[in-house]
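Encoded as structure tokens, the structure appears first; notes follow it.
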Amino acid sequence: MQRRLAMVVASAAAMSRSVVLVRHGLSKMNVALARQPWGTPNFVDQNIRDAPLEPEGVRGAKALRDVLARDASDVELVVSSPLTRALQTADAAWDVALSTGVPALALPLAAERCYMSSDVGAPASVLVEGVGKRFAFRDDEFPDDRWWYGAVPGDDAYGPVPEDDWRPTGSYVSPGEPIEAFRERMAALVDWLNARDEATIGLTCHWAVLMALTGRSFENCQALRLPLEELYVRTDREY
418 MQRRLAMVVA
428 SAAAMSRSVV
438 LVRHGLSKMN
448 VALARQPWGT
458 PNFVDQNIRD
468 APLEPEGVRG
478 AKALRDVLAR
488 DASDVELVVS
498 SPLTRALQTA
508 DAAWDVALST
518 GVPALALPLA
528 AERCYMSSDV
538 GAPASVLVEG
548 VGKRFAFRDD
558 EFPDDRWWYG
568 AVPGDDAYGP
578 VPEDDWRPTG
588 SYVSPGEPIE
598 AFRERMAALV
608 DWLNARDEAT
618 IGLTCHWAVL
628 MALTGRSFEN
638 CQALRLPLEE
648 LYVRTDREY
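Numbering (my numbering), first residue to last: 418 to 656.
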């Protein structure tokens with residue numbers, strides 16, 4: 418397995434507040450998209466809801482454990498998207514911090530832009546008893562057990578695909594999140610991070626979230642430390 422594990426480390430004196438960004442490991446949907454990329458002719462969503470990590474993705478997340486323990490030992494809060502692949506990655510990669518009592522939160526604001534089935538989550542009540550058992554699922558962040566974009570009230574089923582869908586032509590099983598809604602959520606995520614008191618926050622999330630907030634394309638299990646002030650919603654990037 419060849420995965421780049423990149424950490425850009427800055428001294429505490431050089432930045433007053435920082436965020437350590439981590440993209441989740443290789444997921445089952447990543448593998449499916451390598452076979453049939455999104456937007457190709459006759460694209461079909463493979464219906465891999467809340468796609469978990471592949472074994473390679475688990476290994477990549479575990480390989481980050483010592484990197485983060487060394488280069489992000491100052492982390493005061495661990496935050497993760499509530500999608501399973503992110504929670505799996507955060508649980509493994511931030512294991513040292515979690516094992517020593519650093520608080521951890523699941524945060525719907527950090528979920529991937531909803532492109533297809535892999536970006537539709539599981540109910541918070543299920544996650545907190547399973548893959549997210551080391552993370553707090555606070556009522557103020559999860560006012561509804563079904564927290565994902567396009568959720569049907571009182572039902573775990575996929576929401577309907579709109580007729581005026583913005584996505585490339587293809588066969589989809591769930592609604593896609595429009596860019597305006599996603600950018601509004603990303604702005605709310607930046608506000609949430611800025612409102613926290615911690616000097617260093619670890620955030621495990623997704624490609625589009627990271628592209629939107631940094632303008633950079635992250636590989637699976639790539640980690641990067643940035644000053645918090647550098648996070649803002651980019652409108653000059655495609656995601």
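Every residue gets a Cβ at the ideal spot worked out from N, C-alpha and C, and that includes glycine.
- An exposed status is given to serine 634, since fewer than 16 other beta-carbon atoms sit within 10 Å of its beta-carbon.
- Every alpha helix (DSSP H) stretch that sits fully inside the segment 501 to 537 and reaches 4 residues is listed by chain position as 501 to 510, 512 to 516.
- Here leucine 494 has Pro520, Glu615, Ile618 as same chain residues with Cβ atoms under 6 Å from its own Cβ, once five neighbours each way along the sequence are excluded.
- Taking a C-beta distance under 8 Å as the contact criterion, serine 535 and alanine 478 do not qualify as a contact pair.
- In this structure, the alpha-carbon of valine 590 lies about 22 Å from that of leucine 544.
- When DSSP states are grouped into helix, strand and coil, arginine 602 belongs to the helix group.
- In the three-state reduction of the DSSP assignment, leucine 443 falls in the coil class.
- According to the DSSP assignment, threonine 621 belongs to the beta strand (DSSP E) that extends over 617 to 622.
- Leaving aside the five residues that flank alanine 514 on each side, the residues in its chain whose CB is nearer than 6 Å to its CB run, in chain order, Val492, Val495.
- Distances from the alpha-carbon of leucine 645 to those of Leu630, Tyr656, Asp557, Gln639 put Leu630 closest.
- Counting only the Cα atoms, threonine 506 lies some 8 Å from leucine 470.
- Assignment of beta-bridge partners to glycine 587 by DSSP yields Phe460.
- DSSP lists Ser435 as the bridge partner or partners of proline 644.
- Annotated three-state conformation of valine 492 is coil, per DSSP.
- Under the DSSP definition of a beta bridge, leucine 470 partners with Ser444.
- Alanine 541: member of the alpha helix (DSSP H) spanning 541 to 544, first to last residue.
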